[in-house]
Each structure stands twice: as structure tokens, then as C-alpha cells.
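Below is one structure, written out as C-alpha cells, with a few remarks after it.
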Amino acid sequence: MMKEKYGKECKICNRPFTVFRWCPGPKARFKKTEVCQSCAKIKNVCQTCLFDLEYGLPVEVRDKALRLSQQLPQNDVNREYFHQQIEQNAEMEGDITAPYGGHQLIGKTLSNTAAASSSSGGGGTDLLLKLARTAPYYRRNRPHI
493 MMKEKYGKEC
503 KICNRPFTVF
513 RWCPGPKARF
523 KKTEVCQSCA
533 KIKNVCQTCL
543 FDLEYGLPVE
553 VRDKALRLSQ
563 QLPQNDVNRE
573 YFHQQIEQNA
583 EMEGDITAPY
593 GGHQLIGKTL
603 SNTAAASSSS
613 GGGGTDLLLK
623 LARTAPYYRR
633 NRPHI
């Protein structure tokens, strides 16, 4: 595994972050982190593939099914302040599952989301449960021919 401090800009917040690069298997391509750790925790996604950690779906599909619109601050100063607040909340509470305030369903267990969707009448989580990947897709890691 290779580590490069401040190697790239995060694709979500445009802040520099530490890039990790590794080879997951003997005949696999190298993988690397694409987003910073704080953005991955905020959005509950994998740093490498940008898939939702709970459902295994691309984050765009998840957000459209749950009808979420997450906007980061556009100004550099506001963006830094936003991330400082998130990091302070993470230190104090240890949980940053809903910093945007609009997606309480993200970061919870599947049983909790099913109960929440039936009580709130949201069909988005039912759709996500149907689309959710239950097994990993390893063919994606194979080298290009």
C-alpha cells in the first residue's frame, strides 16, 4: 500500500486529502481513494468506489430513491467552516450520520430503515432494499485486456 499525503483534491469538496493506493489481488488493477475521509463519512460511501456502504449502490441512485438533495457550501471559507463543524461533532458525539439534516435514513441498519420507511410512508427505502447488492462484484477488479 502506498500513501501520498495531500496527493489529490477530493472530488466532492475540492480539499486536498491523503491518497492511498493498493493492489487488491495478484491479477487485479490498482485501486486508490477518490474522496476524502470526512466526505465519505458524511455521505456514508466507500472512499474508492463511491458506493453506498449500506445498500452497495451508487450514491446517485441512493439519493434519487430517497429524494435527497445534499449541497455542500460553494465558498471556500464556508466549506472549511462546514468541515470543521462536522469534525467537531464527530469528536464530541462520535456519529455524523446526518450532518445535512435531511437524511436520517442513511447510516442506519436495514431493519431500522425498513421500519422507518413503513412508518413514514417512504417507498424509496423499499426500492433501495430491492436494488441492494448482497454479494460483492469482483469482476470489476480484473485488469483491462
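In the numbering used here, the protein residues as written are 493 to 637.
Backbone N, C-alpha and C fix where the C-beta goes; we use that ideal spot for every residue, glycine too.
Just so it is clear, the structure is predicted and the values come from calculations on it, not from any experiment.
First and last residue of the uninterrupted alpha helix (DSSP H) at residue i
i	result
PHE574	568-585
GLU552	551-558
Coarse secondary structure for residue i, derived from DSSP in three states
i	result
VAL537	strand
GLU546	coil
LYS519	coil
VAL511	strand
LYS622	helix
ALA608	For ALA608, the predicted structure reports a pLDDT of 46, less than 50, and the residue's modelled location is therefore unreliable. The matter cannot be settled from this model.
Proximity below 7 Å, CB of residue i to CB of residue j
i	j	result
ASP544	ARG559	no
LYS524	VAL511	yes
ALA557	LEU619	yes
GLY499	ARG625	no
Residue from the options with nearest C-alpha to residue i
i	options	result
CYS531	LEU619, GLU572, ARG513 and LEU620	GLU572
LEU623	ASN570, GLU579, PRO550 and GLN576	PRO550
LYS533	ASN581, ASP618, PHE522 and LEU619	ASN581
PRO516	ASN506, GLN529, MET494 and GLN576	MET494
GLU501	ALA520, ALA557 and CYS528	CYS528
GLU526	LYS535, LYS519 and LEU542	LEU542
PRO635	ASN570, PRO565, GLN539 and ALA520	ALA520
ASP568	LYS503, ARG507 and GLU496	ARG507
THR540	HIS575, PHE522 and ASN570	PHE522
Element boundaries [beta strand (DSSP E), containing residue i]
i	result
GLU501	494-501
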